[in-house]
Amino acid sequence: MDISTEKNGSARAGRAESASGQKPLEDFIYLISHDLRNSVRALTELPLWIKEDLEKSGVQVPGPVDEHIAMMTQQTRRIDRMMIDLLIYSRVGRMQEVEQVALDGALDAVLSDVRVPSGFTLERRLDCPQIEIGNRDIMTLLTALVSNAVKHCDHDGGKITVGSRDLGDSIEISVTDEGPGIPVKFRETVFEPMKTLRPRDEVEGSGMGLASVRKIAEFYGGEVDLQFLQGERGTAIRVTLPKNGTLHSLHSEGAASMSLSA
Numbered sequence: 009m010d011i012s013t014e015k016n017g018s019a020r021a022g023r024a025e026s027a028s029g030q031k032p033l034e035d036f037i038y039l040i041s042h043d044l045r046n047s048v049r050a051l052t053e054l055p056l057w058i059k060e061d062l063e064k065s066g067v068q069v070p071g072p073v074d075e076h077i078a079m080m081t082q083q084t085r086r087i088d089r090m091m092i093d094l095l096i097y098s099r100v101g102r103m104q105e106v107e108q109v110a111l112d113g114a115l116d117a118v119l120s121d122v123r124v125p126s127g128f129t130l131e132r133r134l135d136c137p138q139i140e141i142g143n144r145d146i147m148t149l150l151t152a153l154v155s156n157a158v159k160h161c162d163h164d165g166g167k168i169t170v171g172s173r174d175l176g177d178s179i180e181i182s183v184t185d186e187g188p189g190i191p192v193k194f195r196e197t198v199f200e201p202m203k204t205l206r207p208r209d210e211v212e213g214s215g216m217g218l219a220s221v222r223k224i225a226e227f228y229g230g231e232v233d234l235q236f237l238q239g240e241r242g243t244a245i246r247v248t249l250p251k252n253g254t255l256h257s258l259h260s261e262g263a264a265s266m267s268l269s270a
C-alpha cells in the first residue's frame with residue numbers, strides 16, 4: 009500500500025510564531041469573543057420575540073417576513089458558534105493543569121457531546137491508553153478531529169478510527185475516516201483559522217476546529233500532519249506530542265504568559 013504523507017505541522021522552529029508575539033492577539037480574541045457573545049445572543053432572540061409579539065397582537069407574520077426572520081436567526085447562530093470557537097482557540101493552554109489523561113475516558117466524554125450518526129462505526133485503537141496534557145486541550149483536540157471526520161463524510165455510514173500509539177519519546181493520536189479526502193488545493197491551508205472545505209450553507213462549521221488542533225500540537229511542542237492512502241478513500245489526521253518533560257516545560261512557559269482567566 010502506497011502512503012503519501014504531507015506535513016502541515018509545527019516543525020517547532022520557523023513555522024510557529026513566538027509566544028510573546030501571539031499573546032496580545034490571543035488576549036484580544038479572548039476578550040472580544042467573550043464580550044460579543046452577549047450581544048450576539050440578544051440578536052438571536054430579538055427577531056423571535058418580535059414575531060411572538062406580533063402574533064400575540066393578532067398580526068399574522070407574512071411568509072417572506074417569516075423566512076427573513078429564520079435567516080436572521082440562522083446567521084446570528086453562526087456568529088455565536090464562531091465566537092464560541094474563537095474562545096476555544098484562544099484558551100489553548102490557559103488555566104489548566106497538565107495531567108495524565110485516560111484517552112478512553114476522554115473519548116467517551118467527547119462522544120456524549122458530538123453526535124455520530126447511527127450508520128457510522130467508531131473503532132478505538134488506543135494502544136497508548138494515557139497522555140500527559142491539559143484535560144481541556146485533549147477534549148478540544150478529540151472533539152475537533154471526530155467532528156471533522158463526521159462532517160465531511162459524503163455517504164451514509166462509514167468508519168471512523170481513533171488511534172493512539174507510543175513512539176518512544178512522543179505519543180501519536182490519530183483519527184482516520186472513509187470520506188472523500190481533502191482536495192489538493194486545500195491541503196496547505198486546512199489547518200489555518202476560518203478555512204472551510206465546503207460552503208457553510210452545505211456544512212455548518214466555523215473553520216476553527218483543525219486550527220485549534222494545530223495550535224494545541226504546537227503549544228505542546230508537537231506537530232500535526234495529514235496522511236492519504238493512494239487509490240483509496242479517506243484521510244488520517246495525526247497529532248504527535250512529546251512526552252512528560254517537554255510538556256511540563258512548555259506548559260509552565262505558556263501558563264506564565266496567560267494572565268486572563270478562562
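Residue 224 in the numbering used here sits at position 216 of the sequence shown; the count goes up by one each step and never skips. For glycine and all other residues, C-beta sits at the position ideal for the given N, C-alpha and C.
Query	Result
Rounded to whole angstroms, how far is the Cβ of isoleucine 139 from the Cβ of valine 100, which I believe are closer than 8 Å?	Contact doesn't hold; Cβ gap of about 15 Å is too wide.
If you draw a straight line from the C-alpha of glutamate 14 to the C-alpha of aspartate 35, how long is it?	Residue confidence is low: glutamate 14 scores 47 on pLDDT, short of 50, so the model does not pin down where it sits. No coordinate-derived value is stated.
According to the neighbour-count rule (16 or more other Cβ atoms, all chains shown, within 10 Å of its Cβ), is glycine 142 buried or exposed?	buried
Would you list the residues sitting across from aspartate 174 in a DSSP beta bridge?	Ile179
Considering only residues of the same chain and omitting the five flanking positions on each side of arginine 85, which have a CB-CB separation below 8 Å?	Thr52
Residues in the same chain with beta-carbon distance under 8 Å from leucine 205, minus the five sequence neighbours each way, listed in chain order, please.	His160, Ile190, Pro191, Phe194, Val198, Val211
In whole angstroms, give me the CA-to-CA distance for glutamate 75 and valine 106.	48 Å
Would you tell me roughly how many angstroms separate the C-alpha atoms of proline 72 and glycine 113, rounded to the nearest one?	48 Å
Under three-state DSSP, which class holds arginine 20?	Residue placement at arginine 20 cannot be trusted, given a pLDDT of 41 that sits under 50; what the coordinates show is reported in the next sentence. Coil, per DSSP.
On the three-state DSSP scale, how would you describe glutamine 68?	coil
Select from Glu63, Leu237, Phe128, Val48 the residue whose C-alpha is nearest the C-alpha of aspartate 164.	Phe128
Grab the span of the alpha helix (DSSP H) containing isoleucine 224 for me, first residue to last.	217 to 227
Just curious, the beta strand (DSSP E) that threonine 148 is in, first and last residue?	That residue, threonine 148, is in no beta strand (DSSP E); its alpha helix (DSSP H) goes 143 to 159.
Give me whichever residues DSSP pairs with alanine 110 in a beta bridge.	Gln138
Rounded to the nearest angstrom, what separates proline 55 and arginine 173 at their Cα positions?	50 Å
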